[in-house]
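Just so we're aligned, residue 1 is where the sequence shown starts under full-length UniProt numbering, counting upward by one.
C-beta atoms are modelled at their ideal positions from N, C-alpha and C, and glycine is treated no differently.
Data block below; observations after.
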Amino acid sequence: MHAPDAPGHLICRIDGYTDLPPGKLANLVTYLEMTRPPPPGAAARPDLALVPTDTDLDAYRALYRRIGERWLWMGRLVLSDATLARTLADERLVSRTLIREGEAIGLAEILFASPEEAELCYFGLVPEAIGGGAGRWLMEAILAQAFARPIRRLVVHTCTFDHPGAVGFYVRSGFRPYKRAVEIHDDPRLSGVLPREAGADVWPVIEP
């Protein structure tokens with residue numbers, strides 16, 4: 001517990017409500033893990049293909065926005081060109097794009113941070129592709145790539161700033177919830193990282 005006047009810190013009550021400073025957002029994060037992939041079960045999809053992600057920065061950011069703007073994804077958008085280029089070129093990162101009829105409709109990224117553990121750090125579909133089975137196909141394909149290496153554990157986290165079906169989807173995919181956390185961060189719409197209308201129907205912008 002930090003002192004109330006400690007810069008950059010906020011006391012959160014374990015029970016009850018905690019007021020947020022103006023310009024801040026909070027969400028509940030659920031961490032999940034998988035130690036072995038489930039048996040394949042997705043239907044064959046000859047219309048889908050998984051390809052290495054285009055590392056052209058404009059193309060990457062455009063796909064990232066199409067998938068994540070609704071859910072306030074910002075992690076890659078706040079990076080400079082040089083930092084994003086280094087991130088995508090990191091040999092520990094496997095970034096794959098889901099293609100349907102020549103169009104990019106999904107993104108999945110795995111970071112192999114250690115020889116025995118990896119993180120599914122991004123996974124998502126463009127809004128118009130959700131609900132047609134492409135997500136399940138993409139998950140099975142990326143799990144196969146993850147466990148093709150001798151890892152013992154694959155982790156992922158999702159939060160209340162994500163699709164409301166995300167936790168259920170991960171559990172059905174074979175992940176097991178093991179931890180929760182509260183994340184507090186700046187509202188990316190106030191700084192212009194995301195448009196002010198992004199997600200505003202669920203998480204309205206509150207002016208400082």
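Considering only their Cβ atoms, is the gap separating Ala141 from Ala166 smaller than 9 Å?
Not a contact, by the Cβ cut-off of 9 Å.
Have a look at Ser173 and Pro46 and give me their C-alpha separation to the nearest angstrom.
Between Ser173 and Pro46, the C-alpha separation is close to 21 Å.
Please state whether DSSP places Val171 in a helix, a strand or coil.
Here Val171 sits in helix by DSSP.
Helix, strand or coil: how does DSSP classify residue 220 here?
Outside the shown range of the chain, which is 1 to 208, sits residue 220, and nothing can be said about it.
DSSP on Pro127, reduced to helix/strand/coil?
Helix, per DSSP.
Alpha helix (DSSP H) containing Asp186: first to last residue?
Looking at the DSSP string, Asp186 is not in any alpha helix (DSSP H); the run it does join, the beta strand (DSSP E), is 176-186.
My understanding is that Val156 touches Phe175, with C-beta atoms under 8 Å, so please give their C-beta distance in whole angstroms.
About 6 Å; that satisfies the 8 Å criterion.
Answer with buried or exposed for Tyr17, where buried requires no fewer than 16 other C-beta atoms within 10 angstroms of its C-beta.
Exposed, by the Cβ-count rule.
Who are the Cβ neighbours of Asp15 in its own chain at under 7 Å, not counting the five residues just before and after it?
Correct list: empty, nothing qualifies.
By Cβ distance, which residues of its chain are closer than 7 Å to Pro188, with the 5 residues on each side in sequence left out?
For Pro188, where only same-chain residues beyond five positions count, the Cβ hits under 7 Å are Leu72, Met74, Leu194.
I need the straight-line Cα distance from Gly199 to Asp162, nearest angstrom please.
One C-alpha to the other measures close to 10 Å.
Can you tell me where the alpha helix (DSSP H) with Leu138 in it begins and where it stops?
Taken as a continuous stretch (DSSP letters only), the alpha helix (DSSP H) holding Leu138 covers 134-146.
Measuring straight from C-alpha to C-alpha, what distance separates Trp203 and Pro21?
Cα-Cα distance, rounded: 15 Å.
Who are the near neighbours of Val78 in its chain, counting only those whose CB is closer than 8 Å to its CB and skipping five residues on each side?
Within the same chain, Val78 has close Cβ partners Pro188, Val193.
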